[in-house]
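Have a look at the structure below before the remarks.
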């Protein structure tokens, strides 16, 4: 999130789209309600009428997978009716920038497409620069090649009629949402977007979110209280695990993973974002300091200037390698891996096309499964259709402590790192994850110290001294993450102190300041609220530098005065020459004097309405899901996103517009369960409340298929099938899509064969192996299925 | 006045407790609140944060004199949740007292039909040996183009957003030291891009 949970209450219009906040983030609803109590408008857009919809002032439906069409229509509405925040758009975004003359868009394809590679050459999407290397602008926004005019042209095609045909949303409903949301385009109003996996899990997932980010920029809603782009993340520390880079493409704090073409630090640093504009802070120019400080925290004294701080010990990706989830399991299925860690996860149920994943696991020599409860991944070898005698995989199932049985911090969606304490001992011989990995590494290191082995340097030279009296000490890691001044041995106060000469360390520059000489900031419990906005700067700690609302320099005018005097995030005090309020995005004076542009993490200093960095285009464009109910994309000749990777063969099948699978299907969650259910299916209260897999469908579809409420039904796709209990409900309705009736069904993905015994299987046996081209997040929210009643067994 | 356990404790010394009369003609809520306090009387309070979604609600865990978890409830001082918890957070103490918890280290041998209980020492030694064997067999110093990659191609890893920050950081350090880090670390299917990132 750019903002945080309590900040919802500062909003005037809240759009919840691609999420069911009341069901999946119930306590967040406290702050939606607080906004409503102040008179704010709450809008819910979803294929289903849900618990969230019951509280909405405006609820409208759309077909799964058509969000860009819906939001593209909103962009057109904002532009056609001059509802954008002109000051903001001109000063704080790249709307006035001039785009390369060879940029173009025709019939669903941007310029530079190579159909053989299914990829774009992005050269023609570049922004033009003048002879000094500074972006060219037309501040009148009239130049036909400026971003603003290209935006207008691109979205002129998203007429209400066209959007209705694609989404199935009636024209009046569209207009209601467009009108309400675009009312936040004035400085005294703020609109926020709360989204979740309903937006991300699509082959256009990144562009779904980008479309909304563009709307937020047009309306001046970024950096302000009650605004922002806010992902309601699904797991308690998914933010922290991202920040600490349990991912293939980044190393801690969003530094790119070293790749083969960058053999040395010097090569790596050549890719440091650069700007020649003296008005751009370009914060990423500090990246070399963060890299060297990270290497010092990895290898300690063994990282020296002479050995490039151990940079060569870091593993490197091939130049364009994508090692993300779907590719990982594709390779596992083909037998690439002998070993596999499944640590605090359950891919046998959580992965798209879970049937393929379960088969892939049979190809392994060994698997380490660390969890609080038994799960379908650790016990895959005895699952449905498996013959243990034929499965060679050794499995180690290691019991770990639950959250209340250990000490440490987790980071919520609002970037608040909160410390929690140990309340009890774990049961049996279970240990905290940290203790397990700490001891395991010592065993591995001993083997490499004793005998020969491949490239032992990174193992032997790793700094691994996080223990007190022979036991793993989580505080020592928390301090390592914060970082040290290695000359004085003191903890650094913030990332401002980090250097690229090896005299400082920091395991994660964004967390510098989280555990300083003043103490453990994440453990703070002060309730002061000096701004009155609910920022609570003395409660826990928030990255970066305890800044609660990111990009807050965009909330003020060129002189540092708040554009909305009623909700002051920061304000320049001319007398003391200091900012007051939230921690500003850099302490420089206001932009109108000698300060910098507000979006300091962007090389140009302004936000990107035109985004030349994504693989599938600088402007979001509607494409149909890989599996969809209509043969032709009504926007262009490109039915699906032209750069998605198609997995084919074996368990990777898909069928679109096939009469065998006529219904749009989606997956979701319920309040009483979490993810694959490993931490909820075993809890008696929760499993009693939601005991089994169900499939929701409309009364119209139930009539068509002669299904009654409570019947057992089979839901089937080209990949697999599950048995569920039918819930026939008016919460689901058929759509009218381009003149034809399209039915939609949906089911939760919390279940699995291991427990409870009659609870049903994972809905991910149905979902396809296909991902967004930028992130490879799977398309679990829109695919095609069939549903039919389970035939009653003949009486004997 | 809305009576919670805390406010009840604060005002119960006074007689001026606001009363909302029930159908019985007398107010049950102070008695109900008092009854709740008996269950956790003398218990130790430990603050925690919920393990489920990303809202980050405050939880107070109660343990008895023997250190057993007897209750978990919303932390009224927490500025986001203000004492509220959803069905999951409110049930979370059942994780601690659950007979189905994994309590032993288990090993499944190749082609075997069941688990065997083993010691930590045995399991960690065998896993370490497996890691070394897989790593040594698949370690790649240079790729096909002759560029240095120093990467282990034969081990994959997934997980986890359910670990603490310190554990996440330590885990990436562990994996990257083995050469797995850049090749194969992946988190969860559902969050690969919903992150807020720089």
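Residue numbers (the numbering used here), protein chains in the order written: chain A, 130 to 925; chain B, 16 to 213.
Idealized CB from N, CA, C, for every residue including glycine.
Taking C-alpha atoms, which residue in A:499, A:502, A:464 and A:416 lies nearest to residue 487 of chain A? Distance check between residue 487 of chain A and each of A:499, A:502, A:464 and A:416 places A:464 closest, using alpha-carbon atoms only.
Near-chain B residues of the region 614-629 of chain A - C-beta to any C-beta below 9 Å: Those would be none; no residue qualifies.
Where residue 143 of chain B meets chain A, residues with beta-carbon distance less than 7 Å: Per Cβ cutoff of 7 Å: 569, 572, 573 and 576.
Less than 8 Å between CB atoms is the rule here; does residue 57 of chain B satisfy it with respect to chain A? For residue 57 of chain B, not one C-beta of chain A is nearer than 8 Å to its own C-beta.
With C-beta atoms as the reference, is residue 422 of chain A less than 8 Å away from residue 795 of chain A? Going by C-beta atoms, residue 422 of chain A is not nearer than 8 Å to residue 795 of chain A.
Please classify residue 744 of chain A: does DSSP put it in a helix, a strand, or coil? Of the three classes helix, strand and coil, the one that applies to residue 744 of chain A here is coil, per DSSP.
Touch check for the region 464-473 of chain A and the region 171-188 of chain B: three-plus C-beta pairs under 8 Å? In short, these stretches touch, since the Cβ pair count reaches three.
According to DSSP, is residue 528 of chain A part of a helix, a strand, or is it coil? DSSP, reduced to helix, strand and coil, places residue 528 of chain A within a strand of the structure shown.
Residue 780 of chain A - partner residues in DSSP beta bridges: Answer is none; residue 780 of chain A lacks a bridge partner.
Taking Cβ-Cβ distances below 9 Å as the criterion, which residues of the region 661-686 of chain A are in contact with chain E? Looking for chain E here will not work: the only protein chains present are A and B.
Could you please tell me which residues of the region 107-123 of chain B, in chain order, have their CB closer than 7 Å to any CB of chain A? The residues in question are 109, 110, 111, 113, 115, 116, 117, 118, 119, 120, 121, 122 and 123.
Assigned secondary structure, residue 941 of chain A (DSSP; H/G/I helix, E/B strand, else coil): Residue 941 of chain A lies beyond the residue range present for chain A, which begins at 130 and ends at 925; the question has no answer from this structure.
Strictly by DSSP, which residues pair up with residue 384 of chain A? Note: residue 384 of chain A sits in a beta bridge opposite A:380.
Work out the CA separation of residue 309 of chain A and residue 841 of chain A for me, nearest whole Å. Take the alpha-carbon of residue 841 of chain A and the one of residue 309 of chain A: they are about 42 Å apart.
What's the C-alpha gap between residue 771 of chain A and residue 907 of chain A? Going by C-alpha positions, residue 771 of chain A is about 16 Å away from residue 907 of chain A.
Using a C-beta cutoff of 8 Å, does residue 205 of chain B count as contacting chain A? Model confidence at residue 205 of chain B stands at a pLDDT of 37, short of 50, so the residue's coordinates are unreliable and nothing is read from them.
For a contact defined as C-beta to C-beta under 7 Å, what are the partners of residue 263 of chain A on chain B? Contacts between residue 263 of chain A and chain B, judged by CB atoms closer than 7 Å, are missing: the closest CB pair is about 23 Å apart.
Counting pairs of beta carbons, one from the region 385-401 of chain A and one from the region 711-731 of chain A, are three or more of them closer than 8 Å? Contact fails between the region 385-401 of chain A and the region 711-731 of chain A, because fewer than three Cβ pairs, one in each stretch, are under 8 Å apart.
On a Cα-Cα basis, can you pick out the residue from A:325, A:897 and A:372 that is closest to residue 673 of chain A? The residue with the shortest Cα to Cα distance from residue 673 of chain A is A:372.
Give the interface partners of residue 96 of chain B over in chain A, defined as CB-CB distance under 8 Å, in chain order. 156 and 159, listed in chain order.
In three-state DSSP terms, what is residue 156 of chain B? If DSSP states are grouped into helix, strand and coil, residue 156 of chain B belongs with the strands.
Residue 164 of chain B versus B:190, B:194 and B:144, residue with shortest Cα-Cα distance: Ranking the options by Cα distance to residue 164 of chain B, first place goes to B:194.
Neighbour list for residue 582 of chain A in chain B, Cβ cutoff strictly below 8 Å: Going along chain B in sequence order, the residues near residue 582 of chain A (Cβ under 8 Å) are 147, 150 and 151.
Helix or strand or just coil, what does DSSP make of residue 184 of chain B? Residue 184 of chain B falls in the helix class under three-state DSSP.
Residue 548 of chain A: first and last residue of the uninterrupted beta strand (DSSP E) it sits in: Going by DSSP, residue 548 of chain A is part of the beta strand (DSSP E) stretching over 545-549.
Residue 883 of chain A (DSSP reduced to helix, strand or coil): In the structure shown, the three-state DSSP call for residue 883 of chain A is coil.
If we cut at 8 Å on Cβ distances, does residue 181 of chain B have a partner in chain A? Residue 181 of chain B counts as touching chain A.
Is it right to say residue 139 of chain A is buried, meaning 16 or more other beta carbons lie within 10 angstroms of its own, or is it exposed? With 16 or more other Cβ atoms inside 10 Å of its own Cβ, residue 139 of chain A counts as buried.
With 8 Å set as the bound, which would you pick, yes or no: does the beta-carbon of residue 54 of chain B sit closer than that to a beta-carbon of chain A? Closer than 8 Å: no.
How many angstroms separate the CA atom of residue 81 of chain B from the CA atom of residue 366 of chain A? Within the model, the alpha-carbon separation for residue 81 of chain B versus residue 366 of chain A is close to 30 Å.
Does residue 410 of chain A have its Cβ less than 8 Å from a Cβ in chain B? So, not an interface residue.
Closer than 7 Å at the beta carbon, the chain A residues around residue 83 of chain B: Going along chain A in sequence order, the residues near residue 83 of chain B (Cβ under 7 Å) are 553.
Excluding the five sequence neighbours on either side, which residues of its own chain have a C-beta within less than 8 Å of the C-beta of residue 656 of chain A, listed in chain order? Non-local C-beta neighbours of residue 656 of chain A in its own chain, meaning closer than 8 Å and more than five positions away in sequence, comprise 665, 667 and 668, ordered along the chain.
Taking residue 533 of chain A as the reference, give the member of B:108, B:126 and B:56 with the closest Cα. Nearest C-alpha to residue 533 of chain A: B:108.
Have a look at residue 36 of chain B and residue 47 of chain B and give me their C-alpha separation to the nearest angstrom. With a pLDDT of 46 at residue 36 of chain B, under the threshold of 50, the predicted position of this residue should be treated as unreliable, and no value is reported.
Interface partners of residue 356 of chain A on chain B, CB under 8 Å: From the beta-carbon of residue 356 of chain A, no residue of chain B is found nearer than 8 Å; the closest lies around 14 Å away.
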